[in-house]
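Our numbering applies: residue 51 is where the sequence shown begins, and numbers increase by one. Have a look at the structure below, then the notes.
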Amino acid sequence: MPGSTEIVSLLKAQSIQHVRLYDADRALLLALANTGIRVTVSVPNDQLLGIGQSNATAANWVTRNVIAHVPATNITAICVGSEVLTTLPNAAPIIVSAINFIHSALVAANLDQQIKISSPHSSSIILDSFPPSQAFFNRTWNPVMVPMLKFLQSTDLNFTNIPIMVTESGWPSKGDSSESDATVDNANTYNSNLIRHVLNNTGTPKHPGIAVSTYIYELYNEDLRSGPVSEKNWGLFYANGEPVYTLHLTGAGIIFANDTTNQTFCVTKSNADPKMLQAALDWACGPGKVDCSPLLQGQPCYEPDNVVAHSTYAFNAYYQKMDKSPGSCDFKGVATVTTTDPSHGSCIFPGSHGRKGTRTNGTSLAPSNSTSSGCLSQYHDNGGFFTSSLILVLLLCAVV
51 MPGSTEIVSL
61 LKAQSIQHVR
71 LYDADRALLL
81 ALANTGIRVT
91 VSVPNDQLLG
101 IGQSNATAAN
111 WVTRNVIAHV
121 PATNITAICV
131 GSEVLTTLPN
141 AAPIIVSAIN
151 FIHSALVAAN
161 LDQQIKISSP
171 HSSSIILDSF
181 PPSQAFFNRT
191 WNPVMVPMLK
201 FLQSTDLNFT
211 NIPIMVTESG
221 WPSKGDSSES
231 DATVDNANTY
241 NSNLIRHVLN
251 NTGTPKHPGI
261 AVSTYIYELY
271 NEDLRSGPVS
281 EKNWGLFYAN
291 GEPVYTLHLT
301 GAGIIFANDT
311 TNQTFCVTKS
321 NADPKMLQAA
331 LDWACGPGKV
341 DCSPLLQGQP
351 CYEPDNVVAH
361 STYAFNAYYQ
371 KMDKSPGSCD
381 FKGVATVTTT
391 DPSHGSCIFP
401 GSHGRKGTRT
411 NGTSLAPSNS
421 TSSGCLSQYH
431 DNGGFFTSSL
441 ILVLLLCAVV
């Protein structure tokens, strides 16, 4: 993995304004000093027992890992543990004590208003999660969750207006033979759509238009990580700083990697039924109001003259015309999104780099007026906990 200086240089070069660390590595916190980058530090799971059993131990942790670095390093939140209930259940009984002791140390240092505190939980603590309206918390964890909520209430948390923050979300770009969905295309598609969803303030079905800030997991691939191939390939960058794939963080302005694909395209599925393709093609060029003139004989996209090639052009033209909105690349199941540019020869597809290129209008990755911070929920099941500060996630903040 690169050193702390190289990591911070990459963050600054990409105008990344929020990061979450999985511990509180001194060298990295020093390197982040005077950058203005908002930093979430973490109490590793293997330190929870000591901190949860001793107020003095918690105070010492805050002194070494927080007070020693602020205000030069802009620490804005502390995550106490990571998925403790599901990955380290023997520490569950003391998680609230650990949070309370850390909070007391922040109060003593007059930092409790500047630095927020919580504990990320795995989505597995929510049962019957689909449809979302039926979801409920696993009552097995009530002995922990209820005291935690009471603690949060005691710190004047406004339960009627809690901002949602997803502390991990991402997709692996490579997997082994049993992980066929772990591909570069899928990773790029997922993260690109995630970015668009967050920056557009789409919200959730129950709360449309409500900001949902999200940490993208993760900054670097981890070649030495144990487990299946996918566990090594969640990163946006290789250790040498080269991008794993193109990813547009802002839509306009800063581009997270070298721009070669200009985001995503809509193409025909390889196993699509020809009759369904023809019907979808007719709709796109008719009621869908796509400009299909490039498909006419003698025009650049006439060849190859078959329904697969023509429908791919029409589907993508519609997808780009609709600003790549969710559902605009389906056509009753015969189309799919890809990061591979389908342009060929003189046939340049809408959205292709260099011609008719489109960029999604958006804001910066983490606007300066965003006040979201904390560790409310976690949606990447990593099969264990992290102790390396070099495992970084990047916060994608909606405008609030």
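Note that the Cβ used here is the ideal one computed from N, Cα and C, for glycine as well.
Run through DSSP, which three-state label would Pro-278 get? Residue numbering aside, residue 278 sits at position 228 when the sequence shown is read from its first letter. It is coil, neither helix nor strand.
Pairing CB atoms from the stretch 246-258 with CB atoms from the stretch 277-284, are three or more of them under 8 Å? no
Reduced DSSP secondary structure (H/G/I, E/B, other) of Phe-151: Taking the first residue of the sequence shown as 1, we reach residue 151 at position 101. Here DSSP, grouped into helix, strand and coil, assigns Phe-151 to helix.
In the DSSP output, which residue or residues are listed as bridge partners for Met-215? Looking up residue 215 in the sequence shown gives position 165. According to DSSP, Met-215 bridges with Ser-263.
CB of Pro-400 within 7 Å of CB of Ala-367, strictly: One-based indexing of the sequence shown puts residue 400 at position 350. One-based indexing of the sequence shown puts residue 367 at position 317. In this structure, Ala-367 lies closer than 7 Å to Pro-400 by Cβ.
Relative to the C-alpha of Gly-100, which residue among Tyr-240, Ser-263, Val-146 is closest? In the sequence shown, counting from the first residue as 1, residue 100 sits at position 50. Nearest option by C-alpha distance: Val-146.
How would you write the range of the beta strand (DSSP E) that Arg-88 sits in, first residue to last? Sequence index remark: in the sequence shown, residue 88 carries index 38 (1-based). Note, Arg-88: beta strand (DSSP E), 88-93.
What is the residue span of the alpha helix (DSSP H) that Phe-287 lies within? As a working mapping, residue 287 is identified with position 237 in the sequence shown. Element bounds for Phe-287: n/a, residue is neither H nor E.
contact_flag[the stretch 79-89, the stretch 118-138] where n(CB pairs < 8 Å) is 3 or more: Contact annotation: the stretch 79-89 touches the stretch 118-138, with at least three C-beta pairs closer than 8 Å.
Return helix, strand or coil for Lys-325, following the three-state DSSP convention. Here the question's residue 325 lines up with position 275 in the sequence shown. Secondary structure of Lys-325 (DSSP, three-state): helix.
For the candidate residues Ala-106, Pro-324, Phe-365, Gln-328, whose alpha-carbon lies nearest to that of Val-340? Within the sequence shown, numbered from 1, the residue matching residue 340 stands at position 290. In terms of CA proximity to Val-340, Phe-365 leads the group Ala-106, Pro-324, Phe-365, Gln-328.
Rank Ile-87, Pro-139, Ala-74, Met-195 by C-alpha distance to the C-alpha of Trp-111 and give the top, closest one. Taking the sequence shown and counting its residues from 1, one reaches residue 111 at position 61. The shortest C-alpha separation from Trp-111 is found at Ala-74.
Nearest-angstrom Cα distance between Tyr-429 and Gly-348? Here the question's residue 429 lines up with position 379 in the sequence shown. Here the question's residue 348 lines up with position 298 in the sequence shown. Reliability of the predicted coordinates at Tyr-429 is poor, the pLDDT of 35 falling under 50, and the value obtained from them is presented with this limitation in mind. Using only the alpha carbons, I get a separation of about 51 Å.
Using the three-state DSSP reduction, which class does Leu-61 fall into: helix, strand or coil? One-based indexing of the sequence shown puts residue 61 at position 11. Leu-61: helix per DSSP, three-state reduction.
So which of Asn-241, Ser-263, Gln-370, Ile-66 has the shortest CA-CA distance to Pro-222? Here residue 222 corresponds to residue number 172 of the sequence shown, with the count starting at 1. The option with the nearest alpha carbon to Pro-222 is Asn-241.
Going by beta carbon distance, what residues of the same chain come within less than 6 Å of Asn-105, once the five residues before and after it are set aside? Along the sequence shown, one-based indexing puts residue 105 at 55. Closer than 6 Å at the Cβ level, and outside the excluded window around Asn-105, lie Phe-151.
Taking the CB atoms as reference points, tell me whether Val-317 and Thr-362 lie closer together than 7 Å. As a first step, residue 317 is located in the sequence shown; it is residue number 267 there, counting from the start. As a first step, residue 362 is located in the sequence shown; it is residue number 312 there, counting from the start. Taking the C-beta atoms as reference points, Thr-362 is found nearer than 7 Å to Val-317.
If you follow the alpha helix (DSSP H) that Phe-315 is part of, which residue opens it and which one closes it? Residue numbering aside, residue 315 sits at position 265 when the sequence shown is read from its first letter. Run containing Phe-315: none in the alpha helix (DSSP H); it sits in the beta strand (DSSP E), 315-318.
Cβ distance (whole Å) where Ile-167 is taken to contact Ile-128 below 8 Å: As a first step, residue 167 is located in the sequence shown; it is residue number 117 there, counting from the start. As a first step, residue 128 is located in the sequence shown; it is residue number 78 there, counting from the start. For Ile-167 against Ile-128, the beta-carbon gap comes to about 5 Å, under 8 Å, which counts as contact.
Using a 10 Å radius around the Cβ and a threshold of 16 neighbouring Cβ atoms, would you call Glu-292 buried or exposed? The residue labelled residue 292 in the question sits at position 242 within the sequence shown. It counts as exposed.
Residues near Leu-156 in its chain [Cβ-Cβ closer than 6 Å; skip 5 each side]: As a first step, residue 156 must be located in the sequence shown, where it is residue number 106. So the qualifying residues of the chain are Asp-162, Ile-165.
DSSP state of Met-253, grouped into three classes? Position 203 of the sequence shown, counting from 1, holds the residue named residue 253. Inspection of the sequence shows that residue 253 is occupied by Gly rather than by Met. Strand at Gly-253.
Spatial distance of Val-89 from His-68 (CA atoms): Numbered from 1 along the sequence shown, position 39 holds the residue referred to as residue 89. Numbered from 1 along the sequence shown, position 18 holds the residue referred to as residue 68. Looking at the two C-alpha atoms, the distance is approximately 6 Å.
On a Cα-Cα basis, can you pick out the residue from Gly-86, Leu-274, Thr-190, Phe-180 that is closest to Leu-135? Here residue 135 is taken as the residue at index 85 of the sequence shown, counted from 1. Residue Thr-190 is the option with its Cα nearest to Leu-135.
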